[in-house]
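Be aware that the sequence shown starts at 6, since it is given in the working numbering, and climbs by one per residue.
Working notes for the structure below.
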Amino acid sequence: MSSSTFTEDDFIQLSALQHYVFCPRQCGLIYVDDAWHDNVFTVRGEILHEKVDTDTYETRGTTKTVRGLRIHSFRLGIVGRADVVEFKDGKSGDEIMPVEFKAGEPKEDISDKVQLCAQALCLEEMMNTTIQRGAFFYGKVRRRTVVELNDVLRQQTEEIVIAVREIVSTQGVPVAEYSAKCRSCSLESLCLPKAMNQRKLTAYINQLYQP
Ligand code: SF4
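Here it is as structure tokens:
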């Protein structure tokens, strides 16, 4: 891909990547159908981000910390904000590190890591640099976790960007697949995954008995 494939009009939100990893249909419902319902998990996250996204910076020692930095990548066509970016002026060279604040605890899926990696890809393009690591601060466990931004994670992230773009550009909301995660999904009452599964089953049975 060339270094300026997309224009600002083509940009998709960085946050869409996380929704896609959680459930492609949820991503479609939010970014194609414009649906959004808060639940206890989303509200907790928003309160935390309001505290962090403050458009300020401070310098302590050799580290400058910028909060709420707007970031983008023309190569990938993504835009968003980084909670915190640390610019360290170390003896062994400068280091830029995105740090994401999360209300909960480390997740089993790769959604948080993909978001962090996408932020790093934006920063790399904007600052013409290479970023080796990012970090999370999880509110529930009050612990900082450092993540290596390796080639596998970079490739997964770029593939997810492509998959999200496909949903947004074709306006194709994926069909529901009911699973355990539906119980924590803020869109369950709009999505009606059980009803949709029932409709798919009925259609399948009807098809079997067609002459
Ligand atoms: S209710 Fe389930 S299938 Fe529907 S958007 Fe949420 S997670 Fe996806």
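Ideal Cβ placement from N, Cα and C applies to all residues, glycine included.
Keep in mind that this is a model prediction, so the values were computed, not measured.
Query, Result
"May I ask which residues mark the beginning and end of the beta strand (DSSP E) holding residue 280?", "The question about residue 280 has no answer here: the residues shown for the chain are numbered 6 through 216."
"For the ligand SF4, is there any heavy atom lying closer than 7 Å to the beta carbon of residue 23?", "no"
"In chain order, what are the residue ranges of uninterrupted alpha helix (DSSP H) at least 4 long that sit wholly in the segment 70 to 150?", "116 to 132"
"Would you mind sorting residue 195 into buried or exposed? The rule is 16 or more other CB atoms within 10 Å of its CB.", "exposed"
"From residue 136 to residue 61, what does the alpha carbon distance come to, in whole angstroms?", "22 Å"
"Confirm the yes/no value for this check: CB of residue 193, any heavy atom of the ligand SF4, distance under 7 Å.", "yes"
"DSSP has residue 65 in a bridge; who is on the other side?", "68"
"Quick check on residue 7: buried or exposed, where buried means 16 or more other Cβ atoms within 10 Å of its Cβ?", "With a pLDDT of only 46 at residue 7, under the threshold of 50, the placement of this residue in the model should not be trusted; the figure read from the coordinates follows. Classification of residue 7: exposed, given that the 10 Å Cβ count is below 16."
"Whole angstroms is fine: what's the gap from residue 157's alpha carbon to residue 134's?", "19 Å"
"Report the residue from 132, 189, 20 and 35 whose alpha carbon sits nearest the alpha carbon of residue 99.", "132"
"Residues in its own chain within less than 6 Å of residue 92 by CB, not counting five upstream and five downstream?", "69 and 101"
"Please check the pair residue 28 and residue 76, which I expect to be a contact at CB under 8 Å, by giving their CB distance rounded to whole angstroms.", "Not really, about 25 Å apart at Cβ, beyond 8 Å."
"Just checking my contact of residue 40 with residue 32 at CB under 8 Å: how many whole Å lie between their CB atoms?", "Contact doesn't hold; Cβ gap of about 11 Å is too wide."
"Below 7 Å, is the gap between the Cβ of residue 182 and the nearest heavy atom of the ligand SF4?", "yes"
"Closest to residue 94 by C-alpha separation, out of 67, 115, 88 and 111, would be which residue?", "67"
"Between 105, 64, 63 and 65, which has its C-alpha nearest residue 19's C-alpha?", "105"
"Between the C-alpha atoms of residue 146 and residue 109, what's the straight-line distance to the nearest angstrom?", "8 Å"
"Could you tell me whether any non-hydrogen atom of the ligand SF4 is closer than 7 Å to the CB of residue 112?", "no"
"At the level of alpha carbons, what is the spacing between residue 172 and residue 85?", "18 Å"
"Alpha carbons only, please: which of 123, 190, 215 and 189 is nearest the one belonging to residue 83?", "123"
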